[in-house]
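Reviewing the structure listed below.
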Amino acid sequence: MISDAAPIIFLSKIGKLSLLKKIFTEIIIPSAVQQEVLVEGKPGYATIEEALAQQWLKVRNHRKILELSLGLGESAAISLAKETKDTLLLDDAYAIKVAKSHEVETMRTTTVLFLAAHKKIITNKELIQSINALMDAGYYIRPSEYASLFSKIQEML
Numbered sequence: 032m033i034s035d036a037a038p039i040i041f042l043s044k045i046g047k048l049s050l051l052k053k054i055f056t057e058i059i060i061p062s063a064v065q066q067e068v069l070v071e072g073k074p075g076y077a078t079i080e081e082a083l084a085q086q087w088l089k090v091r092n093h094r095k096i097l098e099l100s101l102g103l104g105e106s107a108a109i110s111l112a113k114e115t116k117d118t119l120l121l122d123d124a125y126a127i128k129v130a131k132s133h134e135v136e137t138m139r140t141t142t143v144l145f146l147a148a149h150k151k152i153i154t155n156k157e158l159i160q161s162i163n164a165l166m167d168a169g170y171y172i173r174p175s176e177y178a179s180l181f182s183k184i185q186e187m188l
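Okay, structure coming up:
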């Protein structure tokens, strides 16, 4: 699993970064993403630094960054996912469209939370709390998507 910065930042902000390790074992980020997520003094810094030290969050450079109309971190993450043919953890709607146009499979942070609940790593109550915590931390979810997420949770109960 390759990741962009936003999923790592938001999961660390809500204390759920370890879900990535529990679900995927290993997460790979390009060096451009490392520079975005590892900013001393920012929320989640210590958690991210610890994940890198434990080596389940790994930095890997890519051969070539595709020239995309995105930020360097997103472009590097899409390039690495395309190169490795791995799924990309990505949240920005436009970046997801660009990734899909390059035949890169994507997954959102909210999907990680649902996978954790499905695998019984977190409870459905923790799933709801985590989605709300993401939003409190500044994660944008369209109202229609929010309703859809909670409809899926009701089906799980």
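Take the position in the sequence shown, starting the count at 1, then add 31; the result is the number in the numbering used here. Ideal Cβ positions, reconstructed from N, Cα and C, are used throughout, including at glycine.
The Cβ-Cβ distance between P38 and D122 falls below 7 Å. Look at the beta carbons and you see the region 59-74 not touching the region 125-144: under three pairs across the two are nearer than 8 Å. In terms of Cβ geometry, A164 and I33 do not form a close pair [threshold 7 Å]. Between L119 and A108, the gap from beta carbon to beta carbon is short of 7 Å. F55 and A77 have their C-alpha atoms spaced approximately 21 Å apart. In the DSSP secondary-structure assignment, L120 is bridged to S34, M138. Residue state for V143 is assigned as helix, using DSSP reduced to three classes.
When the alpha-carbon of A126 is set against those of L101, L111, K116, the nearest one is in L101. Put simply, the backbone Cα of I79 is about 16 Å away from that of T140.
Assignment of L48 by DSSP, reduced to helix, strand and coil, places it in the coil class. A buried status is given to F41, since no fewer than 16 other beta-carbon atoms sit within 10 Å of its beta-carbon. If you ignore the 5 residues before and after L88, its C-beta comes within less than 6 Å of the C-beta of I58, A82, all in its own chain and listed in chain order. Our two residues, K113 and H93, have alpha carbons roughly 10 Å apart in a direct line. Judged by their CB atoms, A168 and G104 are not nearer to each other than the 7 Å cut-off.
CA-to-CA, the gap between P74 and V68 works out to about 10 Å. A Cβ-Cβ contact shorter than 7 Å links L144 with S161.
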